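A.B. asks:
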Ligand SMILES: [Zn+2]
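Numbering (my numbering), first residue to last: 8 to 77.
1) Helix, strand or coil, according to DSSP, for residue 31 in the structure here?
2) Less than 8 Å separating the Cβ of residue 67 from some heavy atom of ligand 1?
3) Does any residue of chain D have a CB that is nearer than 9 Å to the CB of residue 43?
4) According to DSSP, is residue 9 part of a helix, a strand, or is it coil?
5) What separation, rounded to the nearest whole angstrom, lies between the Cα atoms of residue 65 and residue 34?
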């Protein structure tokens with residue numbers, strides 16, 4: 008399979024180990040808000056940028072909160 012975030016090939020998982028760790032951290036930081044997201048796919052590009060070091064987890068949280076406010 009391919010990692011849904013960075014497209015690197017993975018054994019049999021949706022995310023590679025690196026993205027998985029970051030994804031878990033994002034989910035932990037987002038907390039209950041995560042459940043309110045209907046479509047997580049728009050989060051992936053942002054999580055990818057966290058993996059790349061362009062964004063911080065907090066930026067993703069802010070973006071989700073912004074979406075909530077709209
Ligand atoms: Zn990955």
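All residues carry an ideal CB built from backbone N, CA and C; glycine is no exception. Note that this is a predicted model, so its numbers are computed, not measured.
C.D. replies: Straight from the coordinates:
1) Here residue 31 refers to the residue found at position 24 of the chain shown. In the structure shown, residue 31 adopts helical secondary structure according to DSSP, grouped into three states.
2) As a working note, residue 67 is residue 60 in the chain shown. The beta carbon of residue 67 sits no closer than 8 Å to any heavy atom of ligand 1.
3) Chain labels in this structure do not include chain D; a single protein chain is all it has.
4) As a first step, residue 9 is located in the chain shown; it is residue number 2 there, counting from the start. Reduced to three states, the DSSP call for residue 9 is strand.
5) As a position in the chain shown, residue 65 is number 58, starting the count at 1. As a position in the chain shown, residue 34 is number 27, starting the count at 1. A direct Cα-to-Cα measurement between residue 65 and residue 34 gives close to 11 Å.
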